[in-house]
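Asker: The numbers in our numbering rise by one with no breaks, and the one at position 172 of the sequence shown is 172.
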Amino acid sequence: MPLTILAVLSIVGGWVGIPEVTGFRNLLAGYLAPVLGAGEEAARAAPHAPVLEVVLMIVSALIAGSGLFLGWVFYERRPEAQARLAESARGLHRLIVNKYFVDELYGKIILAPYDALCRAAAWFDQWVVDGVVNAAGYITLASSYTSVGFDTYVVDGLVNLAGYIVRGFSWVFRKVQTGIVQTYATAMIFGIFVLVSAYLLAKGH
1 MPLTILAVLS IVGGWVGIPE VTGFRNLLAG YLAPVLGAGE EAARAAPHAP
51 VLEVVLMIVS ALIAGSGLFL GWVFYERRPE AQARLAESAR GLHRLIVNKY
101 FVDELYGKII LAPYDALCRA AAWFDQWVVD GVVNAAGYIT LASSYTSVGF
151 DTYVVDGLVN LAGYIVRGFS WVFRKVQTGI VQTYATAMIF GIFVLVSAYL
201 LAKGH
């Protein structure tokens, strides 16, 4: 389908810039007249030979027609002649078949370096840029876990320990401070017993 479109355009597209010597209007020259006005005036002032223009048109048409005719002969009427010609001029045939190696040269000179540059850029982006970003993310995540652990088990642990100690002393004091005289007397006797025992042990040593 693309070749068909190109073929149709090659037939009708030439009418846009058809020479004025043929009697038709050059639409392309008229379209570009505002831009190329000065050059057009200079061209009109120069000597112009319509016969030369017609001769060149005929020669180019004959060359194109000869190419079409030879293509029809070699590929339609006598394909064996095309094979013999390709064998006799193997180098020229290989050069033409490979389109003068334009694609190969383009691939080696432009595409290969560009592909290598793209691969290097992709590697740099994956292992350097992304590596730095990922490392920063891992460090931030690790520091957040460390901060949470320190706050939970150290800061909160100390605070909770202080609370447990205060609660324990308060429990003891609540048991002692009952307001009952017998309890106070028992505590006093127990305290005297502890002090006397400590004194006797210290004196014995």
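We put the beta carbon where it would ideally sit given N, CA and C, even for glycine. Predicted model only: the values in this text are computed from it and were never measured.
1) Under three-state DSSP, which class holds N160?
2) List the endpoints of the continuous alpha helix (DSSP H) containing M1.
3) Give every residue of the same chain whose Cβ lies closer than 6 Å to the Cβ of R174, excluding the five residues on either side of it in the sequence, and list them in chain order.
4) Considering D130, what are the terminal residues of the alpha helix (DSSP H) in which it resides?
5) Go ahead and pull the three-state DSSP assignment for I180.
6) Report, in whole angstroms, the separation of the C-beta atoms of A64 and F74, which I expect to be a contact under 8 Å.
7) By DSSP, does I18 sit in helix, in strand, or in coil?
8) With a CB to CB cut of under 6 Å and the five nearest residues on each side skipped, what residues in its chain are close to A86?
9) Could you check what DSSP says for A116 in three-state terms: helix, strand or coil?
10) Tell me the start and end of each unbroken beta strand (DSSP E) in the region 54 to 128 that is at least 3 residues and wholly inside, in chain order.
Answerer: Based on what the coordinates show:
1) Three-state DSSP puts N160 in a helix.
2) Run containing M1: none; DSSP gives neither H nor E here.
3) Here the set comprises nothing.
4) Under the DSSP assignment, D130 falls in the alpha helix (DSSP H) whose first and last residues are D130 to F150.
5) The answer is coil: DSSP assigns I180 none of H, G, I, E or B.
6) Actually they are not in contact, since the Cβ atoms of A64 and F74 sit about 16 Å apart, beyond 8 Å.
7) DSSP, reduced to helix, strand and coil, places I18 outside both helices and strands of the structure shown, so it counts as coil.
8) Here the set comprises H93.
9) Shown here, A116 sits in a helix according to DSSP, grouped into three states.
10) Along the region 54 to 128, the beta strand (DSSP E) does not occur as any fully enclosed run of 3 or more residues.
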